[in-house]
């Protein structure tokens, strides 16, 4: 792991303050549909400062890059660091990302990006090397770098927020797939999901039952004043919070957990990974993880994968971006490489 | 690819007849539930001689190894080669194989092997380096070496015979999984499959509809004299043969193809591999491949994987074993490596 390789590193250059500064800091960026979050960290991954802003209503990629540049200025100001102290930036974006070319091929309809050369936009705006990847992949990197999957070379990170996606780590490397779409499990077909073909950008079969928006829809489809004393308008996590006491909420939890257990079972058959990490705002809910693990235990599978909650929670993407930026700095700068 | 690396290789040793013989030949073995097939090939992969025998009723691993030794003797006799001409053997076995340790962890109930040290048994019996792997994985190696997947670094080989299994090639390497069970897709859960947990050794959810035995069962469950003029006792391929003209056989084909298309769709979501190769006695039936591709085309998927029939057919495992044996010879012998 990058972190371990760097620990205890002592080179003559370290005594030169300018070089120390030059190799010393990176920016991690988490580009979301509603928020942009940045962190400035040293090359060991320690976060020195944070900055965030709303991206509500902002869809233009150049505007998002402007916001990132603004945030980087603010972070430098906060830490009194010179711009020359920055070695690299990495960003996770909510869409399909061609990592080699540095292009966001497509995002969901919310942002509507198509073939955005985000890496070169970032490099032009900031004058430092940049790397980008899909946000769920970046979160998986985060869990591998500093979360529950530290030291685990094969695992699947399943992000359950509004929708569902996965980051697949095999032999310590992300598996991206030949068209950069590996891990798009929100569309997976399992017993109980709709078999109908869905339009692109519409919720997939699996996420219609397991995702946050899907859980809300399942709840509302079943809701009546006779069935529950709870209000019709609840968020997915509020529904899961009530699953122990409210029968209807309990039913919705069981439906989601059983469906998720089928997806994890299928992933385990295909990949035979020992660990599945549940992340995202809905995925980290303990009730969902526990019920899913119980459903999996009921299956007579040769291999029982372990299900664990993300330990980084909402930080996974930011910390993954920092890890990716550190790797980028090391790759691009022979002084840091050494 | 090994084959290409070897083409045109000229080393001084080649002029020494003894060394040429020493590095020159390998044995590929395909251990099946009913048949054992061997081939002797030169280091370029050209098959020089074949041998096969029935394994019906033979379950003991040492007896199977004795049969292999007998077959190797016969192959040497056929080709008038001395024993010293053999560099390596590789075998595909129908079960879960720990490739690193050379152990068959488990086979289906038909053979009933548990933790059989097949590699060392072969090495002791033959006095040459041996490699073993799961038979479907070995078939995938075959398609990669000399079949439809030549030059394709990411693909899934789906073997449909009595049951269903997959060999997953990523970045030109087989993905085995942390407990050597990757690709056990016969148990995959998709819409229309049973959700019930199955006992180990019993047909999995997917193969109960897509496998040869499953297709027969689906046919028999639906069969009546009113529904079809065909007899109740038909093999899976006979049923598929009649799908164009017989309505009931057509229904069974559509059920199997739709279910298989769901599994391939799921695999494509997870792995984003551009190619799926259908192999095995049932998998190579053109009607199944065509109907499955049509079902996949109906889905509005971002990525449309290509479905192709195995070009090696029943030879895939034997040719894969030869390829694996050539790799083993190269790894174990510094003269061949050079």
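Chains as they are written, first to last, in my numbering: chain C, 1 to 338; chain V, 1001 to 1338.
Cβ atoms here follow ideal geometry from the backbone N, Cα and C, with glycine treated the same way.
Check	Outcome
Beta strand (DSSP E) containing residue 164(C): first to last residue?	164-170
Under 7 Å between beta-carbons, which chain C residues line up against residue 1182(V)? List them in chain order, please.	270, 271 and 272
Could you give the C-beta distance for residue 209(C) and residue 259(C), rounded to a whole number, given that I count them as a contact under 8 Å?	4 Å
With the cut-off set at 8 Å, would you say residue 1069(V) and residue 1132(V) are in Cβ contact?	no
Beta carbons nearer than 7 Å to chain C: which residues of the segment 1306-1317 of chain V have them?	none
My output table needs one value for residue 309(C): the three-state DSSP class, helix, strand or coil.	strand
Residues in its own chain within less than 7 Å of residue 232(C) by CB, not counting five upstream and five downstream?	220 and 223
For the segment 1151-1158 of chain V against the segment 1101-1111 of chain V, are there 3 or more C-beta pairs whose distance is under 8 Å?	no
From the DSSP secondary-structure annotation, give me the bridge partner or partners of residue 90(C).	28(C) and 131(C)
Kindly give me the distance between the Cβ atoms of residue 328(C) and residue 129(C), rounded to whole angstroms, as I take these residues to be in contact under 8 Å.	5 Å
Can you check which of these residues, 1264(V), 1188(V), 1216(V) and 1298(V), is closest to residue 262(C) by C-alpha distance?	1188(V)
Roughly how many angstroms lie between the CA atoms of residue 80(C) and residue 28(C), to the nearest whole one?	18 Å
Is the Cβ of residue 195(C) closer than 8 Å to any Cβ of chain V?	yes
Taking 8 Å as the threshold (C-beta atoms), are residue 159(C) and residue 279(C) in contact?	yes
Expressed to the nearest angstrom, what Euclidean distance is found between the alpha-carbon atoms of residue 1225(V) and residue 1192(V)?	26 Å
If you measure between the beta carbons of residue 96(C) and residue 116(C), is that distance less than 8 Å?	no
Taking C-beta pairs closer than 7 Å, name the residues in chain C that residue 1154(V) reaches, listed in chain order.	178
Kindly indicate which residue of 61(C), 307(C) and 282(C) has the alpha-carbon position closest to the one of residue 292(C).	307(C)
Let's see if you can read the secondary structure: which residues bound the alpha helix (DSSP H) around residue 1065(V)?	1061-1079
On the DSSP bridge assignment, give the partners of residue 98(C) in chain order.	103(C)
Closer than 8 Å, CB to CB, is residue 191(C) near chain V or not?	yes
Could you tell me the alpha carbon to alpha carbon distance between residue 1371(V) and residue 235(C), rounded to whole angstroms?	Since the first and last residues shown for chain V are 1001 and 1338, residue 1371(V) lies out of range.
Decide if residue 1045(V) is buried, meaning its Cβ has at least 16 other Cβ atoms within 10 Å, or exposed.	buried
Under 7 Å between beta-carbons, which chain V residues line up against residue 169(C)? List them in chain order, please.	The premise fails here: residue 169(C) is roughly 12 Å from chain V at the closest Cβ pair, so nothing lies under 7 Å.
Check residue 221(C) in the structure and name its three-state DSSP category.	helix
Can you check which of these residues, 1249(V), 1106(V), 1140(V) and 1036(V), is closest to residue 1052(V) by C-alpha distance?	1036(V)
DSSP three-state call for residue 1122(V): helix, strand or coil?	helix
Between residue 1296(V) and the rest of its own chain, which residues show a CB-CB distance below 6 Å, the 5 nearest in sequence each way excluded?	1261
Give, in chain order, every residue of the segment 1129-1152 of chain V whose Cβ lies closer than 9 Å to some Cβ of chain C.	none
Hey, how far is the Cα of residue 332(C) from the Cα of residue 1282(V)?	51 Å
Kindly indicate the opening and closing residues of the beta strand (DSSP E) around residue 42(C).	35-42
Just verifying my parser: in three-state terms, what is the DSSP assignment at residue 1287(V)?	helix
Please work out which residues of its chain come closer than 8 Å, Cβ to Cβ, to residue 1008(V), disregarding the five sequence neighbours upstream and downstream, and give them in chain order.	Here the model assigns residue 1008(V) a pLDDT of 32, short of 50, so the residue's position is not dependable and the matter cannot be decided.
So the alpha helix (DSSP H) residue 325(C) belongs to, where does it begin and stop?	316-332
Taking a cut of 7 Å between CB atoms, which residues from the segment 278-298 of chain C lie near chain V?	298
Starting from the C-beta of residue 1047(V), find all residues in its chain whose C-beta is less than 6 Å away, skip the five residues before and the five after it, and write them out in chain order.	1039 and 1041
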